[in-house]
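Q:
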Amino acid sequence: MTRVVHSRADLEAARAGRFGDTAVVMTMGALHEGHLALIRAARASAKTVIVTVFVNPLQFGPNEDFDRYPRTLDEDVRMCEEAEVDVVFAPAVDDVYPGGTPMVTVHPGAMGDVLEGAFRPGFFGGVLTVVNKLLNLTAPDVAYFGQKDAQQLALVRRMALDFNLPVEIVGVPTVREPDGLALSSRNRYLSTEERTTALALSAALAAGAQQATAAGIRSAARAVLDRAAAADPPLGTDYLALVGPDDFLEVADDHAGDAILAVAARVGGTRLIDNVPLRIAAAHPAGGEKNGDEAR
Ligand code: PAF
Numbered sequence: 015m016t017r018v019v020h021s022r023a024d025l026e027a028a029r030a031g032r033f034g035d036t037a038v039v040m041t042m043g044a045l046h047e048g049h050l051a052l053i054r055a056a057r058a059s060a061k062t063v064i065v066t067v068f069v070n071p072l073q074f075g076p077n078e079d080f081d082r083y084p085r086t087l088d089e090d091v092r093m094c095e096e097a098e099v100d101v102v103f104a105p106a107v108d109d110v111y112p113g114g115t116p117m118v119t120v121h122p123g124a125m126g127d128v129l130e131g132a133f134r135p136g137f138f139g140g141v142l143t144v145v146n147k148l149l150n151l152t153a154p155d156v157a158y159f160g161q162k163d164a165q166q167l168a169l170v171r172r173m174a175l176d177f178n179l180p181v182e183i184v185g186v187p188t189v190r191e192p193d194g195l196a197l198s199s200r201n202r203y204l205s206t207e208e209r210t211t212a213l214a215l216s217a218a219l220a221a222g223a224q225q226a227t228a229a230g231i232r233s234a235a236r237a238v239l240d241r242a243a244a245a246d247p248p249l250g251t252d253y254l255a256l257v258g259p260d261d262f263l264e265v266a267d268d269h270a271g272d273a274i275l276a277v278a279a280r281v282g283g284t285r286l287i288d289n290v291p292l293r294i295a296a297a298h299p300a301g302g303e304k305n306g307d308e309a310r
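Under my numbering, read the sequence shown as residues 15 to 310, first letter to last.
Printed below as a string of structure tokens:
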């Protein structure tokens, strides 16, 4: 039986008498299979599972989709019931920001200024501030985040480390449609034609993942995005980047080791992101070893 609570007091009441580990999955609602993968991982690991549903105004820019972001709480609760979630915490803005717009916020540092942070100024400050608050409110032992939002996951991990937060942060692999499209609450904005164009994101990552070197990865992925720029409707790429997983800075062309190939692009009025983790082998005189095709 899933309990739905809206206030901090009711959340505490819902937890009273529950012993053992608590896992939290933070969401903005509009749940899909990607969220369910996080919830299933949480369910498998902890006695009590809390799912938070909160569309956080602090992480939306003035021209972003805060007002039209899908709000589907009844359906979200139904999915949580099926997934045997114990508590859905769906607070109002005043519960999360009792003092109004916060004066004190989390500053993400340099990793928050690149890629998503460069295109969405203030975004990661808003994300980390609300994640910090929701960790305080739900006091979990473990929190699950999707690798789909790889830069967010890296920043949350870094915040937990830098702030000595008593929580384990666990990443869960991206869930994809059979044709490669990464699941996202924003996919529901796409028309059929836009969805076809949007497949270029995962196709670019898959093309990159076939290559052996950083330079090869970048140019193979870029070629797919360039073709999609001429599609109808066209893809507008915000960035394609091959970065280190801990700092999100571009890796050198001769980089060997872990990296993340990340892309953000717009189709019609919808902005999508995707990424794939790669391990680039050290150059071998006998020729290229290929990365796995992880984006398909
Ligand atoms: O990934 C999301 O849905 C949001 O950024 C999060 C972590 C729930 C914070 O609002």
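Each residue gets a CB set at the ideal place from its N, CA and C atoms; glycine is no exception.
Here the structure is a predicted model, which means the values were calculated and not measured.
(1) Could you tell me which of L215, P180 and V184 sits nearest to L195, measuring between CA atoms?
(2) In chain order, which beta strand (DSSP E) runs of at least 3 residues are fully inside the stretch 139-163?
(3) With a threshold of 7 angstroms, establish whether the CB of N70 neighbours any heavy atom of the ligand FAD.
(4) State yes or no: is the C-beta of T143 nearer than 7 angstroms to some heavy atom of the ligand PAF?
(5) Could you pull out every residue in the same chain whose Cβ sits closer than 7 angstroms to the Cβ of F262, ignoring the five residues on either side in sequence?
(6) In three-state DSSP terms, what is D260?
(7) For the alpha helix (DSSP H) holding T119, just list the boundary residues, first then last.
(8) Measure the C-alpha to C-alpha separation of V144 and N70 and round it to an integer number of angstroms.
(9) Suppose you measure from the CA of G140 to the CA of T16; what does that come to, to the nearest Å?
(10) Should the stretch 44-51 be regarded as contacting the stretch 17-27, the criterion being three or more beta carbon pairs within less than 8 angstroms?
(11) Where do the ends of the beta strand (DSSP E) carrying M42 lie?
(12) By DSSP, does F103 sit in helix, in strand, or in coil?
(13) Compute the minimum distance between the beta carbon of D90 and the heavy atoms of the ligand PAF, and state whether it is under 7 angstroms.
(14) Mind checking who Y253 pairs with in its DSSP beta bridge?
(15) Can you give the Cα-Cα distance for I183 and A157, rounded to whole angstroms?
(16) Taking 8 angstroms as the threshold (C-beta atoms), are F138 and V116 in contact?
(17) Indicate whether T211 and P247 have their beta-carbon atoms separated by less than 8 angstroms.
A: If we stick to the structure as given:
(1) Within the sequence shown, the letter at position 181 stands for residue 195. Measuring from the Cα of L195, the nearest candidate turns out to be L215.
(2) 156-160
(3) For the ligand FAD, the structure offers nothing, since it holds only the ligand PAF.
(4) Numbered from its first residue, the sequence shown carries residue 143 at position 129. Incorrect: T143 has no Cβ contact closer than 7 angstroms to the ligand PAF.
(5) Mapped onto the sequence shown, residue 262 falls at position 248. Here F262 has M125, V128, L129, Q165 and A168 as same chain residues with Cβ atoms under 7 angstroms from its own Cβ, once five neighbours each way along the sequence are excluded.
(6) Residue 260 sits at position 246 when you count from the first residue of the sequence shown. The answer is coil: DSSP assigns D260 none of H, G, I, E or B.
(7) As a position in the sequence shown, residue 119 is number 105, starting the count at 1. Premise fails: T119 is in no alpha helix (DSSP H) and is neither H nor E.
(8) Here residue 144 refers to the residue found at position 130 when the sequence shown is read from its first residue. Here residue 70 refers to the residue found at position 56 when the sequence shown is read from its first residue. Taking the straight line joining both Cα atoms gives about 7 angstroms.
(9) Against the sequence shown, residue 140 aligns to sequence position 126. Against the sequence shown, residue 16 aligns to sequence position 2. In a straight line, the C-alpha of G140 is about 28 angstroms away from that of T16.
(10) no
(11) Translated into positions along the sequence shown, residue 42 becomes position 28. First-last for M42: undefined, no H or E at that position.
(12) Residue mapping note: residue 103 aligns to position 89 of the sequence shown, counting from 1. It is a strand residue.
(13) Taking the first residue of the sequence shown as position 1, residue 90 is located at position 76. No, the ligand PAF has no heavy atom inside 7 angstroms of this Cβ.
(14) Here residue 253 refers to the residue found at position 239 of the sequence shown. Paired residues: A278.
(15) As a first step, residue 183 must be located in the sequence shown, where it is residue number 169. As a first step, residue 157 must be located in the sequence shown, where it is residue number 143. If you take the alpha carbons of I183 and A157, they lie about 5 angstroms apart.
(16) Residue 116 sits at position 102 when you count from the first residue of the sequence shown. Residue 138 sits at position 124 when you count from the first residue of the sequence shown. Note that residue 116 is Pro in the sequence shown, not Val. The answer is no: Cβ separation not under 8 angstroms.
(17) Numbered from its first residue, the sequence shown carries residue 211 at position 197. Numbered from its first residue, the sequence shown carries residue 247 at position 233. A contact, by the Cβ cut-off of 8 angstroms.
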